[in-house]
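Going down the list, the protein sequences come from chains E and G.
For the first sequence, this note's numbering begins at 572 and goes up steadily by one.
For the second sequence, this note's numbering begins at 367 and goes up steadily by one.
Every residue gets a Cβ at the ideal spot worked out from N, C-alpha and C, and that includes glycine.
Note that the coordinates shown come from a computational prediction; the quantities given were computed from them, not determined experimentally.
Accompanying notes for the structure given below.
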Amino acid sequence: MDAVLIAEAAVNGILLGGVLALLALGLNLIFGVVDIVWIAYVDLVMVGMYAVYWLVTAYGWPLPLAAVAAVALVAVLGLLVHLLIISPILASPPVNQLLATGGLLFFLQAFATFLWTTDHRSLRLALPVVEVFGMYLSFARLLAFTFAILGMLGLYFFLTRTYIGTAIRAVSQDREAIALMGADMRRVYLVTSAIGGGMAGLAGVLLIIQYSVHPHFGATFGPITFIIVVMGGLGNMFGAVVASLVMSEVISIGGILASTEMAYVVAFVIFIVSIFVRPEGILGRRE
Amino acid sequence: MNRRHAILSLSLACLALVVLAAGAWMAAPAGAQALKGPIKIGVLYDLTGPFAAAGAYPGSIGTRIAIDMVNEKGGVLGKYNLQAIAGDSQSKADVAINEAERLLNVEKVDILLGIYSSAIAVPLAEKVDKQNRVLWITIAISDAVFKGRDLKYTFRAQVPGSQFGQISTRFIADYAGERFKMKPQDVRGAIIYEDGPYGTGVAASGEAEMKKIGMRLVLKEGYSAAAPDLASLVTKLKAARPDVLFHTGYNPDITLFLRQAKELGLRMKAIVGHGAGYGQYDKLREAFREDVDHIFNVDPVASQLLDPKKYTNAELGRIRDEFLARYKKETGVAEIPPHASMGFNNTWILLTDVLPRAIQKYGGWSADAIQKAALETDIPEGGTIQGYGVKFAGPGHEVRGQNLRASLVVMQYIGGKTHVVYPKAIATASPVLPLPPTSPYAAR
C-alpha cells in the first residue's frame with residue numbers, strides 16, 4: 572500500500588475522530604453532571620440536522636444563520652428534556668431513567684417519520700476537493716473537525732473560566748458535597764442540559780454537511796458514540812477525546828490494511844478488552 | 367312383501383343417490399361451493415427505517431395500487447374482494463418476523479405478500495413455509511431465499527440476485543472493446559457490497575461471472591450498510607485503481623460512499639450499481655445533482671421505460687399506464703423508481719393470474735390451491751408490465767418457487783432521465799461509457 576494512501580487514511584481518521592469526540596462530549600457532560608445517560612442523545616443530533624436542512628432548503632436561510640438557529644433550537648430542546656423528562660425521575664432507579672430516555676428516542680424517531688417521512692435528505696453543498704501532498708481530504712470533514720475543536724475549546728473555557736462552569740465541574744466531582752454547600756443544583760442541571768443540547772445541535776450542523784439525515788440516523792452514530800463514552804470513562808471528557816481518536820484511527824487504518832468489516836471487529840475487540848482491563852475507562856479514575 | 371321390497375329398494379336407491387350427490391359435491395371444486403370472501407392479504411414492507419426510502423415504500427405503494435385496481439373491478443374474478451392488512455417491518459428482521467406472525471396468526475391473512483429486504487426474506491421464508499402458509503415475495507432478491515430449501519408455499523416472480531452480477535459484468539465485457547479499447551480480460555473490476563444476503567449474493571454472482579469472462583478482480587470487499595464511515599474503503603479502491611466499480615448497497619450507505627468517493631478523488635471509467643439505493647434516482651439527484659448522471663443501475667426495468675408495443679396484449683399497456691398515472695398522482699415524483707413497478711407487477715401476477723386459477727380450478731385460496739395454481743403459471747415474455755415472463759420452478763428444482771423467466775436490464779441516468787442501455791435488443795439509448803469528463807468520478 573502506498574505510504575501517501577496510508578497517511579491519507581490516518582488524517583481522515585483524525586478528522587472523523589474530531590466529530591466523534593464532539594458527539595461524545597455533550598453526552599459525557601450530561602452524564603458527568605446529571606448522572607443520567609441520555610440514550611436519545613444522537614436523536615437530538617438528528618433534530619439539529621433536520622433543522623439546518625429545512626431552514627436552508629425550504630426557507631432559504633444562509634447556512635451559518637441556520638447553523639446558529641439549529642444549535643439554539645437543540646439547546647432549548649435539551650432544556651425541555653431535562654425539565655419534562657429527567658427532572659421528575661432524578662431520584663428514580665437507573666433502569667427507570669434509561670427507559671425514560673429510551674422512550675424519548677422512539678418518540679423522536681416516530682415523530683420525525685411522521686413529520687418528514689422516511690426520505691433521506693441531504694444539503695446540496697458544492698464543497699471543494701482538498702488535495703495536500705497527494706492526499707485527498709474531505710473539505711466537509713475539515714470544516715467539521717475545525718468547528719468541533721472550536722466547540723470543545725469553547726466548552727473547556729466555559730467550564731474552567733466561568734462561575735457556573737466551575738459549579739458544573741464541582742457537581743460532576745462530588746454531587747452531595749456541592750449540594751450541601753448550598754449550590755443551586757437545579758440551575759446547574761438546567762445549564763448543563765442546555766449546553767449538552769447545544770453540543771448535540773453543533774454536532775448536527777457538522778454532520779448534515781457530510782451525511783444524509785433520516786429518522787433513524789441515530790442508529791448510525793448512536794452505538795459508536797456510547798462505546799466511546801464508556802471507553803473513555805463515563806463523565807471523563809478528556810478520556811472521550813482520546814477514545815474517539817483511538818476508535819476512528821482503528822476504523823480508518825484498519826480499514827485499509829485489512830477490511831472495513833475487520834476494522835470494526837478490531838475496534839469492538841479493543842473496546843471489550845478495555846472494559847475488562849479498565850472498567851472505569853481508559854482515562855477514568857479508579858475508585 | 368313385494369311392496370315392502372319395492373320400498374326398501376327405493377330407499378336404498380335414494381340413499382345411493384344421496385351418497386353419490388354428496389360425493390360429487392365433495393369432489394367438485396370448492397369454487398362451486400359458496401366461497402366466502404374477502405381474500406385477506408397481509409402486506410409486509412419496511413414502511414419506516416432506512417429501507418423505506420431505499421425502495422420499500424415505493425414498492426408498498428405499487429402493491430396497494432394493484433390491490434385497489436383489482437378491487438375496483440369487484441375483486442378477483444369480479445366477485446372476491448381483497449382485504450389488505452398492512453404490516454411495517456421497520457427495516458429489522460426481528461420486527462418483520464413478529465409482524466408476519468401477527469398477520470398470519472392474529473389477523474389470519476390468507477397470503478403474506480411483499481418483503482423488500484433479503485435480510486428479512488431469508489429467515490422469514492422458512493418460518494412461513496413451515497406453517498404451510500403462502501409467502502409471495504415481490505422485491506427481495508437473494509438466491510438464499512430459495513436455494514436448496516425446497517419451499518412449497520413461497521413464490522417469487524422477482525429476479526434472483528445471481529442475475530444482477532451476471533448482467534452487469536456481461537454488459538461491461540460486451541462494451542469493453544468498443545468503448546474502453548480494452549479486451550474484457552484486461553478490464554480491472556472492483557466489487558464492493560453491503561454485507562447482508564442481498565449484497566453478498568450479488569457480489570458472489572459478479573465475481574463468478576468475472577472469473578468466467580476472465581476479467582481482473584482487483585478488489586472485493588463488503589461493509590456494513592450502517593457503517594458511519596467508508597473513507598478507508600474509498601482509499602483502498604484508489605490503491606486498487608479499478609476501471610469499473612460494481613456496487614451493491616442500500617441507502618444511506620450508497621449516498622455516503624458516493625460523497626466520500628468524490629471528496630477523496632476516486633476515479634473510474636464506470637460505476638455500476640445493483641438496484642436498491644441506486645434505483646432511487648430522485649433521491650440520488652436530490653443529494654448529488656448532475657454528479658449522479660451516467661451512473662448505471664441494474665434492476666428489473668421500471669415499467670415506464672418499456673415500449674408497450676412489446677407487451678403480448680394491448681390491455682397490459684393500459685394497465686401499466688393506469689398504474690403509472692396513479693403512482694405519479696400520489697407521490698408527485700418525476701422519475702418513478704423500479705421498485706414501484708416491482709411492487710405493482712409482482713402483486714398483479716398473483717391477483718390476476720394465480721388467484722383466479724386457484725379459485726376456479728382448485729376451489730379457493732387455500733395455501734394448497736394457490737401453490738398448485740402458481741406452479742401452472744405460464745406467462746410468456748412480454749406478458750407482464752415489466753416485460754418478463756413467469757414460470758415458477760417446481761418440486762425437485764434447486765430454487766423451487768423462483769420465477770425462471772425473470773430478467774433484468776441495465777439502465778443509465780443521462781441528463782436527468784433514465785434510459786435502458788442493455789440488453790442491446792431493448793435499449794432505448796446507447797450507454798455513455800466511459801464516464802465523461804464532466805463526471806466528478808471520471809478517470810482523468
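Looking only at Gln524(G), Ile427(G), Lys496(G) and Leu622(G), the smallest Cα-Cα distance to Glu696(G) is reached by Ile427(G).
Sequence-distant Cβ neighbours of Asn711(G) in its own chain, meaning closer than 6 Å and more than five residues away, are Thr750, Ile751 and Gln752.
Proximity to Val627(E) across Phe677(E), Ala611(E), Ser693(E) and Gly597(E) peaks at Ser693(E), based on C-alpha coordinates. Only buried fits Phe792(E), as 16 or more other CB atoms lie within 10 angstroms of its CB.
Residues of the same chain with a CB within less than 8 Å of the CB of Thr414(G), apart from the 5 flanking positions on each side, are Asp454, Gln456 and Ser457 in chain order. Assignment of beta-bridge partners to Gly597(E) by DSSP yields no partner. In the three-state scheme derived from DSSP, where H, G and I count as helix and E and B as strand, Gly649(E) is classed as helix. Distance from the CA of Tyr519(G) to the CA of Gly767(G), rounded to the nearest whole angstrom, comes to 8 Å.
The beta carbon of Asp659(G) does not come within 9 Å of any beta carbon belonging to chain E, so the residue lies off that interface. For His705(G), the enclosing alpha helix (DSSP H) covers residues Pro704 to Ile715. Among the CB atoms of chain G, one or more fall inside 9 Å of the CB of Ala580(E). Contact with chain G is found for Ser709(E), since one of that chain's Cβ atoms lies less than 9 Å from the residue's Cβ. Note: Met706(E) is bridge-paired with Val703(E) in the DSSP secondary-structure output. With a contact defined as Cβ atoms closer than 8 Å, Pro786(E) and Gln668(E) miss out at about 24 Å.
Cα atoms of Asn498(G) and Ala733(G): separation of roughly 7 Å, rounded to the nearest angstrom.
By the rule that beta-carbons nearer than 9 Å mark a contact, Lys628(G) touches chain E. Where Gly775(E) is concerned, the enclosing alpha helix (DSSP H) starts and stops at Met756 to Ile779.
Under the 9 Å criterion on CB atoms, Glu465(G) is classed as non-interfacial with respect to chain E. Ranking Glu656(G), Gly567(G), Gly562(G) and Ser483(G) by CA distance to the CA of Pro803(G) puts Glu656(G) first. For Ser528(G), no chain E residue has a C-beta closer than 7 Å to its own C-beta; the minimum C-beta separation is roughly 22 Å. At a cut-off of 9 Å, the C-beta of Leu583(G) has no neighbouring C-beta in chain E. As the crow flies, the alpha-carbon of Glu544(G) is around 50 Å from that of Ala592(E). Restricting attention to Ser598(G), Ile405(G), Ile505(G) and Ala466(G), the CA atom closest to the CA of Glu492(G) is found in Ala466(G). Put simply, the backbone Cα of Tyr616(G) is about 13 Å away from that of Tyr647(G). DSSP places Tyr754(G) outside both helix and strand once states are collapsed to three, so it counts as coil. In the structure shown, Tyr559(G) adopts extended strand secondary structure according to DSSP, grouped into three states.
Excluding the 5 residues flanking it on each side, Ala811(E) has same chain C-beta neighbours closer than 7 Å at Ala592, Ala595, Leu596, Asn599, Ile799, Val800 and Gly803, in chain order. Beta-bridge partners assigned by DSSP to Gly480(G): Leu410(G) and Ile503(G). Spatial neighbours of Met756(E) in its own chain (CB-CB distance under 6 Å, excluding positions within 5 residues in sequence) are listed in chain order as Ala750. Using a Cβ-Cβ cut-off of 9 Å, Ala834(E) counts as an interface residue toward chain G, since at least one Cβ of chain G sits closer than that to its own. Annotation: Gln497(G) is outside any alpha helix (DSSP H) and is labelled neither H nor E by DSSP. Bounds of the alpha helix (DSSP H) holding Val613(E) are Tyr612 to Thr628. Pairing Pro800(G) with Ala793(G) gives a Cβ-Cβ distance that is not under 9 Å.
Neighbours of Ala793(G) in chain E, taken as residues whose beta carbon is under 7 Å from its own, are absent, since the nearest beta carbon is some 30 Å off. Counting of Cβ neighbours within 10 angstroms places Leu696(E) among the exposed residues, the total staying below 16. Distance from the CA atom of Ile661(G) to the CA atom of Gln778(G), rounded to whole angstroms, is 6 Å.
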